[in-house]
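Counting from 1 along the sequence shown, just add 219 to a position and that's the residue number in the working numbering.
Some notes on the structure that comes next.
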Amino acid sequence: MTTELSLPWNGGCRCDRLRIRVTAHPILTMACHCRGCQRMSASAFSLTAIFPNSGFAVTEGEPTIGGLHGEHRHFFCSHCKSWVFTRPHGVDQFVNVRPTMFDHVSWFVPFIESYTCEKLPWATTPARHSFERFPAMTDYPGLVAEYASRVSNSTTSS
Ligand SMILES: [Zn+2]
Ligand SMILES: [Zn+2]
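In structure tokens:
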């Protein structure tokens, strides 16, 4: 477990041509039940770990834009088309990484969930906070602080 949690964390897409590395811990983790994420993930919800952009790097391969090709830039592997990370519009200091791309994934638990208004009736997550849509921008500082305190508690107590 300690080995899995020590940085850096490496990851890759389904075919492993696109490789990523993070050298910082996530500031927040989430699951999104929106219809867009259902379609792009081909599943009931998408999973996200938000990292500081300064702690994120593409180490192999060339990501390509996919999804809606809109203001939020969804980055995919150009070969296997896995959705690997997203650069949300207007928040240059953070990058949303799909946590199941990491070589080790057992650490991941969604701390918040969004768009429960569109969730499949049976879809449940262990998220501590549920939002009918997205949290308000003003909710994020408190959520980030609470996530950080929970992570440091679990590290020191285990
Ligand atoms: Zn979504
Ligand atoms: Zn690939």
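Note that CB positions come from ideal geometry on N, CA and C, so glycine has one too.
This one's a predicted model, so the numbers in the text were calculated from it and none came from an experiment.
(message) I'd like to confirm something about histidine 298: is its beta-carbon nearer than 6 Å to some heavy atom of ligand 2, or not?
(response) yes
(message) For arginine 347, which residues in the same chain have their Cβ closer than 6 Å to its Cβ, ignoring the five residues on either side in sequence?
(response) Phe330
(request) Would you kindly work out how many angstroms separate the C-alpha atoms of arginine 369 and leucine 247, rounded to a whole number? (result) 11 Å
(request) Keeping to the same chain, check which residues put their C-beta closer than 6 Å to that of alanine 263; ignore five residues upstream and five downstream. (result) Leu339, Ala342
(request) Flag this pair as yes or no: are the beta carbons of histidine 252 and glutamate 351 separated by less than 7 Å? (result) no
(request) Could you tell me whether any non-hydrogen atom of ligand 2 is closer than 6 Å to the CB of arginine 233? (result) yes
(request) Can you say whether valine 324 is buried or exposed, counting buried as having 16 or more other CB atoms within 10 angstroms of its CB? (result) exposed
(message) Any heavy atom of ligand 1 closer than 6 Å to the beta-carbon of glycine 255?
(response) yes
(message) I want to check one thing, is the minimum distance from the CB of arginine 240 to the heavy atoms of ligand 2 below 6 Å?
(response) no
(request) Using a threshold of 7 Å, state whether the C-beta atoms of threonine 283 and phenylalanine 295 are closer than that. (result) yes
(message) Which same chain residues end up closer than 6 Å to cysteine 299 when comparing Cβ atoms and leaving out the 5 residues on each side of it in sequence?
(response) Cys232, Arg233, Cys234
(request) Can you give me the Cβ contacts of threonine 344 inside the same chain, cut-off strictly under 6 Å, excluding the 5 residues immediately before and after it? (result) Ala250, Pro329, Glu332
(request) Per DSSP, which residues does glycine 231 bridge with? Please list them. (result) Arg238
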